[in-house]
Amino acid sequence: MNLPPYSSFPNIVGNTISLRQITPSDIKDIIEISYYDAVQATTVDQASEMQAKINNDYSDGNSIHWGIAENITNKIVGTCGYYRGLDIGAGELGCVLLPKYRGQGFMSLAMSLAIEFGINQIGLTRIWAETSQDNENAIKLLERLNFIKIADLADNYIEYELKQNL
Ligand SMILES: CC(C)(COP(=O)(O)OP(=O)(O)OC[C@H]1O[C@@H](n2cnc3c(N)ncnc32)[C@H](O)[C@@H]1OP(=O)(O)O)[C@@H](O)C(=O)NCCC(=O)NCCS
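Using the working numbering, the first residue of the sequence shown is number 2, and each one after it goes up by one.
Here it is as structure tokens:
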């Protein structure tokens, strides 16, 4: 296992998008997709405070939160990352796109990069995600990425796990 934090933030360059660290100048663009403890930010200040907590979680080795940047513009289109379980080799993936960037394939590319990093760099033996049963876009995304449903959870939630020989 190779847990965060690393000597430098694990930026990952893909063909059309990259996973990179979120900088203070990005915050104004990502307020509506800034969450911490299931609370959504509504102001730049709140989103900045949340980003500071997210940075602490990375420094403590509990999570990796990437900004997904379109390579041509370097603009953040969404975020994804591992938010729980790294210490036991089981990363919970989460993700969100800004509404105007949905339906264009950005998240499938981003999650593929995050999965590859999770398996080959962190050394995860299980990758999983939770979503609500009515979140059709998340379910389609997870199934496209080779996740299978493994459990019904409380409050209409379902658990998906990446199917492969890890
Ligand atoms: C879940 C979420 C990230 C999915 O976003 P998405 O845009 O549907 O997923 P992708 O970026 O992979 O795009 C795939 C869609 O783009 C379409 N698409 C268009 N151009 C494409 C291209 N060049 N390449 C690939 N797909 C393309 C695909 O057909 C697919 O649409 P479909 O599902 O109707 O078939 C998004 O709905 C979201 O942010 N939701 C709120 C947060 C959330 O629910 N997170 C999930 C937690 S598990």
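Glycine included, C-beta positions come from ideal geometry on N, C-alpha and C.
Source: prediction; values computed, not measured.
Restricting to Cα atoms, I'd like to know which of Ala-91, Phe-148 and Glu-50 is closest to Pro-25. Glu-50
For ligand 1, enumerate in chain order all residues having a CB closer than 6 Å to any of its heavy atoms. Gly-95, Cys-96, Val-97, Leu-98, Arg-103, Gly-104, Gln-105, Gly-106, Phe-107, Met-108, Ser-109, Ala-130, Thr-132, Asn-136, Asn-138, Ala-139, Lys-141 and Leu-142
Let me see if you follow: with CB-CB separation under 8 Å, is Ile-69 close to chain C or not? No chain C appears in the structure shown, which is made up of a single protein chain.
Who are the Cβ neighbours of Leu-142 in its own chain at under 8 Å, not counting the five residues just before and after it? Cys-96, Met-108, Ser-109 and Met-112
Say whether the stretch 5-17 touches the stretch 30-37, bearing in mind that this needs 3 or more beta-carbon pairs closer than 8 Å, one atom from each stretch. no
Contact the stretch 146-163 vs the stretch 119-132: 3+ CB pairs below 8 Å: yes
Is Gln-47 helix, strand or coil when you go by DSSP? helix
Is Tyr-83 near Gly-124, with beta carbons less than 8 Å apart? no
Rounded C-alpha distance that separates Lys-1 from Arg-21: Lying before the first or after the last residue shown, residue 1 is absent from the chain, which here runs from 2 to 167.
Give the straight-line distance between the Cα atoms of Phe-148 and Asp-88, rounded to the nearest whole angstrom. 21 Å
In this structure, how does DSSP classify Gln-52 when only helix, strand and coil are distinguished? helix
Which same chain residues end up closer than 7 Å to Ile-69 when comparing Cβ atoms and leaving out the 5 residues on each side of it in sequence? Ile-18, Leu-20, Ile-77, Val-78, Gly-79, Thr-80, Cys-81, Phe-107 and Ala-111
Pop quiz: Leu-98 and Ala-115 are said to be a contact at Cβ under 8 Å. What is the actual Cβ separation, rounded to whole angstroms? Not really, about 14 Å apart at Cβ, beyond 8 Å.
Going by beta carbon distance, what residues of the same chain come within less than 6 Å of Ala-42, once the five residues before and after it are set aside? Ile-32, Ser-35, Ala-48 and Met-51
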